[in-house]
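To keep things clear, I will list the structure first and then write my remarks on it.
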Amino acid sequence: MKIKTDLAEQGRRLAEEFAAESIRIESKVEAELYKGAQKVHARAVQLVPVGEYPAGSGKSGGQLKNSLAIRQTGWGSNPSFEVGSKVPYAMRIEYGFRGTDSLGRTYNQAPQPYLNPALNQYRGFIYNQVLNVIKLGL
Numbered sequence: 003m004k005i006k007t008d009l010a011e012q013g014r015r016l017a018e019e020f021a022a023e024s025i026r027i028e029s030k031v032e033a034e035l036y037k038g039a040q041k042v043h044a045r046a047v048q049l050v051p052v053g054e055y056p057a058g059s060g061k062s063g064g065q066l067k068n069s070l071a072i073r074q075t076g077w078g079s080n081p082s083f084e085v086g087s088k089v090p091y092a093m094r095i096e097y098g099f100r101g102t103d104s105l106g107r108t109y110n111q112a113p114q115p116y117l118n119p120a121l122n123q124y125r126g127f128i129y130n131q132v133l134n135v136i137k138l139g140l
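In terms of my numbering, the sequence shown opens at residue 3 and continues consecutively.
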């Protein structure tokens, strides 16, 4: 009987240690993903075009640039972050637009990518950072 009890206790402790280690690794992966998102955000802010308006027009550029933000969209065992903007024209700047919009205005706007180049610049870095956390944790 004592042998069974000892094995059960060892199994319980092992399961607890595994759960704690899993949480620790998840936390480190999340931290590395956030660091990557910060790098992508900083680069996107550098790359995003800023509109220029005539002096005295009462308008100023930089709304898209100032609206770029990091948002966490996944937690726990599936952490994820998004970098982007909620201004209505953000996708039009990134991908361009040719045609008539919902207000009847016609555009032939070339793309001015800022998010995809920023992500592409740091994709390998983020991948390697997360991979290192997993390798060190196993």
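The beta-carbon is built from N, C-alpha and C at its ideal position, and this holds for glycine as well.
ask   = Looking only at C-alpha atoms, which of I72, D103 and G63 sits nearest to K41?
value = I72
ask   = By how many angstroms is the C-alpha of G86 removed from the C-alpha of K67?
value = Taking the straight line joining both Cα atoms gives about 10 Å.
query = Given 8 Å as the limit, is there contact between the segment 13 to 24 and the segment 105 to 124, that is, 3 or more CB pairs closer than that?
reply = no
message = Quick check on the DSSP output: the beta strand (DSSP E) that includes R107 runs from which residue to which?
response = Where R107 is concerned, there is no enclosing beta strand (DSSP E), given that its DSSP letter is neither H nor E.
ask   = For V85, which beta-bridge partners are listed by DSSP?
value = I72.
For Q131 and E11, believed in contact at Cβ under 8 Å, the rounded distance = About 37 Å separates the two Cβ atoms, so there is no contact after all.
query = Which same chain residues, not among the five before or five after P51, have their C-beta less than 6 Å away from its C-beta?
reply = Q114
inquiry  = Let me make sure I understand the geometry here. Which of P56, T75 and F127 has the alpha-carbon closest to that of K37?
reply    = F127
C-beta contact flag for G63 and G53 at 7 Å = yes
query = What residue from Y97, G78, D8 and S29 has the CA that sits closest to P119's CA?
reply = Y97
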